[in-house]
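Colleague: Have a look at the structure that comes next, please.
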Amino acid sequence: MGNSPSATTQHPNMHARNQSLGSGESSPGPRGTRSRNWKLPAWLDHFNKHDLKIVFRCWVAVWVSFLLIFIQPALVDIGQATFFAAIVLFAVPPAGILLIYLLAACSLLLGMCLAWAWGLLTMKAGLAARPGSETARMVRSLGEQAAANARKSGRPVAWEAQILVHDGFMLDASITAVFWVMGCAFIYVLARLRTKNQKLALTQLFGTIVMDLFLLYGPGLPSYNASLATTLVKPGAIGVALGTACCLLFFPQSTSYTVLDSMCKLISTMETSLNTTRRFLNHQDTSPAELLAIRGNILGIYKGAQQAIGFLPLDISRGRWGAEDVKALHAPIREMMMASLAMLDVHMSWVRSMEKAKKLSMGVGEAEAPPAEDARTEKPERHVQGRREMMEAARVMDALQNAEEAVMHEEAMSSLRQTTAELLAVCSQSIKLSVTCIHTVNSSRWIRNPPQHRFDQLTSELQSTVTALRACRETCVADTTEGVLEAYAAMFNRDGNLILAEDHPPLMRGIMLCMVIEERILVMADGVDKLLSSILRLMRSRNEYRIWVPCRLQYALSWLFTNRLSVPSSGTFSDSENNPDDIDTKDPVSLEEDSKEAYHRLRVSRGYTQARPRRSWFSMAVLGTVGWLFDTAGMFAIRMVVVTIATGIPAVIPHSAGFFYREKGIWAVITAQMCVVIYLADFTFSILTRLLGTLIGGVLAMLAWYIGSGSGPGNPYGLAASVAPMILILVWLRIYLPPAYLTASILGAATSCLVIGYSYDDAHIAQYGLPGRGYEAFWKRLVLVLIGFAAATVAQIFPRPPSATRHISKTLSNTANTLCDHYALLLSHWGRRGSHSPLGAVAEEISIGVSESLASVDGMLALLRYEISGSPFDQASLRQIQGHLSGINHALRRLLDLSASLPHHLQDRLAHQFGLLDDKMIGDAMAVLNIVAQALLTGSPLPERLPTSLVRRFFDNLQEQHARPIFSKALVRDDGYRRYCVAMAAYLKFLSVTDDLVVTMKQTVGERHIVHQWEDV
């Protein structure tokens, strides 16, 4: 029930320790230290059959691309940049299913081809800027100068002409201006597109790299050259072809196979929620970090499967189940996952409320200590931020302490542990059986198919398990309710009505908590039941193996060009977060009709701005244009253009063009472009990791070069053998390092490819300006990387560094305002009469925006400690605020859902007796959320006196009514009462988490307008 005061009953710590020691867990050692279970880091712990197959497939693709460097005819035909095929394979390794790999590879090739096409237009326009007669004259001069140089050096005239071209002999200011204006415009557009749609990151990166060829070398060409981009496009296409071939030849996996495998892992992890519930009922301690780790593990697997689920309509596979069958399992598994996360939320709320009560009990003594007599007239030395809210919360908790009720609650929990034990055991057995069934179906594709009697046996076990699960559920409902009533029998009279005390109204917090736990367990059992029923239906209807073909092809383009991600960005994920395409099994047309009024009310609750602007249309156009040019996307695009000009301009200056070409300055330009990021926190972290990746890649490349070549020009056989272990290490790092190190691993692999490629080119291909062999190639590469880092640093910091802290606080502010809108929508639908409320069908959909918005900043929060900022918000405070807003969203989502399913008489009871629709409570909650949203936006301190604590006002409102609540054993036995308890818990969680949000904000930004009232202290 959140951090509400209803969850403050303490349990014996000694009993918890005894239970923990008897549960088979690691016990403290002789000195009180817990034994450590050493294990490999997550990025190394992949020595299983499935992951090793993926590594082998990627390793083969990259190794073959390296072999093309060492095969002389291939090297001569492809060119000095043959190693670019390996770079492409490191950027997009064939580690997944074929369809996803093809889409990523096609987005990469799309950027390269777009840049090639635009570069040809740029070349046409640029060369046309110089008169033809002038061009002919310069070409004749080029030939004469080349012939003169050839007579002196004894080298061919063509070679001397090539040197003159690369040294800038044909450069002209007018041509250079056209090239750079059109080329920078293309880079600007790609950068803006990337910020709007992260799926186009590969398109932007490789499109920019190809455009660099035209910017740096196009202005110095003597004539139109349509094949300029083939230097990179040809090896890039070869790399994509190699990756596609490896996806098909080495351990191919269909989309349905990948999804079913992820489903098995996801279902298996959900058993941890049942184990956590057993520990909770046995009074065993569980830390919030452990609960968060369990939640993150479940959601990480779920998000990993979401991307593949979108491609099921394109799947080609052989097996018993087709794409539609696999997709039919997604809804019950998602429902089961939400139930599992809801169970974890109950435990997490309990643990956090206990920690909160402990902290308040420790700090309230100092806060309430009266000042000395001689200090009453002096100014206090230090004001405790949020002291008022903490003191009121402590008083509420103290007022709710009742030793007699604590004993009854312990008896109720003991009864709950006994009556739910069998149902929890059957749920665990059902989870294991469902995993066995899915794994058996998924493992029988082409060979080693299990016999039919094995499937018949599983079908029989499924039927018996479903029957046992339903019987246990019915028994649990009856026994649990009677057990709770028996534990609280002293609170009821002979007629079964509640005995009312004169001094304070009974809160029945113990019964409510037991009912909430029972409801969560029953909802989990219902989810398991639906999953087993779905599997049973498929096992009975699908008895033959067949080839399944795609049903819809338009998903491919819609996935690539829609801004919505197939999976949440990262980080925080709530049980309300899901794919909106699958929110219900109803027909989409009817769902849209049911949702129409709810969305209309949501728009109304958001209000309207001033209809007629006070500014003129001209000023509005100017302000809009300036805002568009200098928003986050615009500043990122401008920085990309600036860093391109700063690092690339030496290539088009006659005095430095030759030096730039010989030292391969293009890689300094590319490095600088790759280092420009949207926010400063990402930049600081990326610079450190990319430098480390460059060093690691260079060291591995030098080891491979000298082992395979010694001091010679490069032995193809020795290098083919020596690069194999180097590739294995780089592929492993690229695939299994955390996403934050993605670019660093690619940059390290690119350094290895450049060192090996250029070193071998030096003696095996006739080319002007190669950087040397081995160590010489590496240190030149390192210098170019450092130059790129320096240029990117200057462009990133000036004129104003893009602050991730400012972006996160603005996002959280907008989220707080959105929660106010959802709160208003809830109030407008609560207790509404009618056949059914349309809000029930869209309760999850209207909250998914909040969940995704909160999840979108998770990656930036992880890197926020690397940012230098003057904002009052830091990483810890923003994480706390994010967690509070997520908790409010969870509570509102449950209340929105219950507004359609909870009986109307119970809705009225919650609204009238507990103030859900009370104007004063509504105004206080709205005011607090809006003040918090404004403080997040501006960073200004909050007033000391706010209408908080909301929980205290809730209980004050309850006492002011002087109403005698109707409560009886018959009401507790009502099935709808459990949902009423969930609604009550969600409402208290909404109020208590809002209070916690205010305290966190005051401790972060401070307080002002302090009102000192010494007589109240």
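In terms of my numbering, the sequence shown opens at residue 67 and continues consecutively. Virtual Cβ for every residue (Gly too), placed ideally from N, Cα, C.
What is the rounded straight-line gap between the Cα of glutamine 146 and the Cα of cysteine 819?
Modeller: 12 angstroms
Colleague: Need the endpoints of the beta strand (DSSP E) that tryptophan 614 sits in, please.
Modeller: 612-614
Colleague: Taking a contact to mean a Cβ-Cβ separation below 7 angstroms, would you say isoleucine 375 touches threonine 335 in this structure?
Modeller: With a cutoff of 7 angstroms on beta-carbon distance, isoleucine 375 and threonine 335 are scored as not near each other.
Colleague: Using only alpha-carbon positions, find the residue among Glu488, Arg560, Pro720, Leu271 that is nearest to threonine 541.
Modeller: Glu488
Colleague: With distance defined between alpha-carbon atoms, name the residue in Trp416, Met414, Ser322, Glu477 nearest to histidine 505.
Modeller: Ser322
Colleague: Tell me which residue opens and which closes the beta strand (DSSP E) that glycine 953 is part of.
Modeller: Here glycine 953 belongs to no beta strand (DSSP E); instead the alpha helix (DSSP H) covers 941-967.
Colleague: Please look up how many angstroms separate the CB atoms of arginine 960 and threonine 547, rounded, as I've assumed it's under 8 angstroms.
Modeller: Contact flag wrong, Cβ pair sits at about 21 angstroms.
Colleague: In angstroms, rounded to a whole number, what distance separates the CA positions of glycine 302 and alanine 389?
Modeller: 32 angstroms
Colleague: Out of curiosity, what's the CA-to-CA distance linking glycine 838 and alanine 928?
Modeller: 40 angstroms
Colleague: Determine the contact status of alanine 999 and valine 1071, defining contact as a CB-CB distance below 7 angstroms.
Modeller: no
Colleague: Mark valine 735 as exposed unless 16 or more other C-beta atoms lie within 10 angstroms of its C-beta, in which case mark it buried.
Modeller: Result: buried.
Colleague: Using DSSP with H/G/I as helix, E/B as strand and the rest coil, what is serine 383?
Modeller: strand
Colleague: Looking only at its chain, what residues have a beta carbon closer than 7 angstroms to the beta carbon of valine 743, apart from the 5 residues adjacent to it on each side?
Modeller: Phe749, Ser752
Colleague: Step through the CB atoms of chain D and report whether any lies within less than 7 angstroms of the CB of phenylalanine 726.
Modeller: Of the chains in the structure shown, none is chain D; there is only one protein chain.
Colleague: Are the beta-carbon atoms belonging to isoleucine 577 and threonine 486 less than 7 angstroms from one another?
Modeller: The answer is no: Cβ separation not under 7 angstroms.
Colleague: Based on Cα-Cα distance, which residue from Ile1076, Val1064, Ser1058 lies nearest to arginine 1087?
Modeller: Given a span of 67 to 1083 for the chain in the structure shown, any question on residue 1087 remains unanswerable.
Colleague: Buried or exposed for serine 219, going by 16 or more other Cβ atoms inside 10 Å?
Modeller: In summary, serine 219 is exposed, with fewer than 16 beta-carbon neighbours lying within 10 Å of its beta-carbon over all protein chains present.
Colleague: Helix, strand or coil for arginine 1084 per DSSP?
Modeller: The requested residue 1084 does not occur in the structure, where the chain is confined to residues 67 to 1083.
Colleague: Do isoleucine 812 and alanine 212 have their beta-carbon atoms positioned less than 7 angstroms apart in this structure?
Modeller: no
Colleague: If you draw a straight line from the C-alpha of valine 851 to the C-alpha of tryptophan 733, how long is it?
Modeller: Their backbone Cα atoms lie some 7 angstroms apart in a straight line.
Colleague: List the DSSP bridge partners of proline 1009.
Modeller: Arg1074
Colleague: Helix, strand or coil: which one does DSSP assign to leucine 237?
Modeller: coil
Colleague: In three-state terms, what does DSSP make of isoleucine 163?
Modeller: Here isoleucine 163 carries a coil assignment [DSSP, helix/strand/coil].
Colleague: Per DSSP, what kind of secondary structure is serine 320 in: helix, strand or coil?
Modeller: coil
Colleague: For the alpha helix (DSSP H) holding glutamine 350, just list the boundary residues, first then last.
Modeller: Counting along the chain, glutamine 350 falls outside any alpha helix (DSSP H), and DSSP gives it neither H nor E.
Colleague: Given a cut-off of 7 angstroms on the beta-carbon distance, is the pair leucine 165 and phenylalanine 317 in contact?
Modeller: Not closer than 7 angstroms, so no.
Colleague: Would you grab the beta carbon distance between alanine 161 and isoleucine 801 for me? Rounded to a whole angstrom, and I think it's under 8 angstroms.
Modeller: 5 angstroms
Colleague: Grouping DSSP H, G and I as helix and E and B as strand, with all else coil, what is threonine 148?
Modeller: coil
Colleague: Cα-Cα, which of Gln373, Asp592, Arg728 is closest to threonine 403?
Modeller: Before going further, note that residue 403 is methionine rather than threonine in the sequence given. Ranking the options by Cα distance to methionine 403, first place goes to Asp592.
Colleague: Looking at valine 223 and proline 288, is the spacing between their C-beta atoms short of 7 angstroms?
Modeller: no
Colleague: Between the Cα of alanine 239 and the Cα atoms of Gly362, Arg196, Ser869, which residue gives the shortest distance?
Modeller: Alanine 239 has its Cα closest to that of Arg196, out of Gly362, Arg196, Ser869.
Colleague: Within its chain, find whatever has a CB closer than 6 angstroms to the CB of alanine 810; leave out the 5 residues flanking it on each side and keep chain order.
Modeller: Thr755, Arg756, Gly759
Colleague: Got a sec? Which residues, its chain only, sit under 7 angstroms from leucine 176 by beta carbon, not counting five neighbours each side?
Modeller: Thr269
Colleague: Using 10 angstroms around the beta-carbon of serine 207, count the other beta-carbons present and answer buried if the total reaches 16, otherwise exposed.
Modeller: exposed
Colleague: Is the CB-CB distance between valine 707 and alanine 861 below 7 angstroms?
Modeller: No.
Colleague: Say whether the segment 352-362 touches the segment 291-302, bearing in mind that this needs 3 or more beta-carbon pairs closer than 8 angstroms, one atom from each stretch.
Modeller: Too few Cβ pairs lie closer than 8 angstroms, so no.
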